[in-house]
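Residues 3 to 223 in my numbering are what the sequence shown lists, from first letter to last.
The beta-carbon is built from N, C-alpha and C at its ideal position, and this holds for glycine as well.
Have a look at the structure below before the remarks.
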Amino acid sequence: MSFWQRLRRRMALYKPKRFKDHHHYAAFFDARHVVLAGDDMAVLEYPNEEVQQKIFRHAAEKFDLTDRAILDVGCGLGYFKKYLDAQQARYGSYRGVDLSAKMVAGAVKRFGPHFEQRDVLAKPFSENEFDLVFLLSVLGYPVGETPFGYMSALLKELHRIGREGLVFTHLAPGRREESSDFTVVPEAMAQWCREYLSPQVVLDDTLGLVTYVMAVRKGEK
Ligand SMILES: C[S@@+](CC[C@H](N)C(=O)[O-])C[C@H]1O[C@@H](n2cnc3c(N)ncnc32)[C@H](O)[C@@H]1O
3 MSFWQRLRRR
13 MALYKPKRFK
23 DHHHYAAFFD
33 ARHVVLAGDD
43 MAVLEYPNEE
53 VQQKIFRHAA
63 EKFDLTDRAI
73 LDVGCGLGYF
83 KKYLDAQQAR
93 YGSYRGVDLS
103 AKMVAGAVKR
113 FGPHFEQRDV
123 LAKPFSENEF
133 DLVFLLSVLG
143 YPVGETPFGY
153 MSALLKELHR
163 IGREGLVFTH
173 LAPGRREESS
183 DFTVVPEAMA
193 QWCREYLSPQ
203 VVLDDTLGLV
213 TYVMAVRKGE
223 K
């Protein structure tokens, strides 16, 4: 095995135990995009595209997408758009944003000019600017001094900008041996959503993965 192959393998396995902030998290994906170039699923930390598609399917089916304006936060290399188009989802518009410049450039190269580099916390969208907001395979690493606080702020902000609702994924504890995992018990996550976002919450933990899907429909708190 060449030095380059060994480096790639090591990089694919390397998982920091914590990120100082979300910019450091994005820099990690910038680096993966360079070192693991040529293997998109490795860059994105999926074992394969089937697992990615399964997560997308469970997320996308939570709402009627017809004519909806979709925001995909942490879009990575743009595969959710690819998935929606392959399913012939009749959404109204799609916009992907990511903190990582390299991931955005990769998404544009693969799937067209639907993606932009943007920090949604520093440069917020307007209230209800989109119909549906997706945050897929983004939560799952500890970010900042208080990872739960960072996650809460991000979810509240994304809920604010989605007129109809928010769909996100998270990791459940106890399902794999990775010390870098930031996990939240699914039912506890659902309870937090009911308390701070909306009472209309659907928890989908039927994927058979470490990942579960949460759909929050906007309504009275
Ligand atoms: C594992 S990738 C998932 C990409 C894509 N959602 C998918 O499932 O293929 C996580 C992505 O989230 C991005 N990210 C992390 N925190 C973010 C934030 N606060 N805002 C936007 N993007 C973020 C990272 O830069 C990275 O590209």
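Quick one: residues in its chain with C-beta nearer than 6 Å to the C-beta of residue i, no 5 flanking neighbours on either side, listed in chain order?
{"i": "residue 162", "result": "129"}
{"i": "residue 152", "result": "145 and 146"}
Quick one: does the C-beta of residue i sit closer than 7 Å to a heavy atom of ligand 1?
{"i": "residue 31", "result": "yes"}
{"i": "residue 24", "result": "yes"}
{"i": "residue 103", "result": "no"}
{"i": "residue 193", "result": "no"}
{"i": "residue 27", "result": "yes"}
{"i": "residue 75", "result": "yes"}
{"i": "residue 54", "result": "yes"}
{"i": "residue 100", "result": "yes"}
{"i": "residue 183", "result": "no"}
{"i": "residue 81", "result": "yes"}
{"i": "residue 139", "result": "yes"}
{"i": "residue 122", "result": "yes"}
Can you tell which of the options has its C-alpha closest to the C-alpha of residue i?
{"i": "residue 76", "options": "44, 141, 191 and 217", "result": "141"}
{"i": "residue 178", "options": "210, 190, 170 and 148", "result": "210"}
{"i": "residue 116", "options": "98, 125, 207 and 123", "result": "98"}
{"i": "residue 119", "options": "102, 16 and 112", "result": "102"}
{"i": "residue 137", "options": "73, 111, 14 and 31", "result": "73"}
{"i": "residue 8", "options": "55, 38 and 109", "result": "38"}
{"i": "residue 133", "options": "197, 164, 220 and 14", "result": "164"}
{"i": "residue 228", "options": "188, 55 and 45", "result": "The first residue shown for the chain is 3 and the last is 223, placing residue 228 beyond what the model contains."}
Leaving out the 5 sequence neighbours to the left and right, which residues in its chain are closer than 8 Å to residue i when beta-carbon positions are compared?
{"i": "residue 195", "result": "157, 203, 216 and 218"}
{"i": "residue 183", "result": "142, 143, 173, 175 and 212"}
{"i": "residue 187", "result": "174 and 175"}
{"i": "residue 166", "result": "65, 70, 133, 134, 219 and 220"}
Roughly how many angstroms separate the alpha carbons of residue i and residue j, rounded to a whole number?
{"i": "residue 94", "j": "residue 35", "result": "30 Å"}
{"i": "residue 66", "j": "residue 5", "result": "48 Å"}
{"i": "residue 90", "j": "residue 84", "result": "10 Å"}
{"i": "residue 170", "j": "residue 41", "result": "24 Å"}
{"i": "residue 15", "j": "residue 32", "result": "15 Å"}
{"i": "residue 80", "j": "residue 58", "result": "12 Å"}
{"i": "residue 147", "j": "residue 23", "result": "8 Å"}
{"i": "residue 191", "j": "residue 11", "result": "33 Å"}
{"i": "residue 45", "j": "residue 125", "result": "26 Å"}
{"i": "residue 49", "j": "residue 43", "result": "7 Å"}
{"i": "residue 198", "j": "residue 61", "result": "21 Å"}
Using a Cβ-Cβ cut-off of 7 Å (strictly less than) and excluding sequence neighbours within five positions of residue i, which residues of its own chain qualify?
{"i": "residue 181", "result": "19"}
{"i": "residue 27", "result": "21, 143 and 145"}
{"i": "residue 108", "result": "35 and 79"}
{"i": "residue 17", "result": "180 and 182"}
**Whole beta strand (DSSP E) elements within the stretch 37 to 102, 3-residue minimum** = 71 to 75 and 95 to 100
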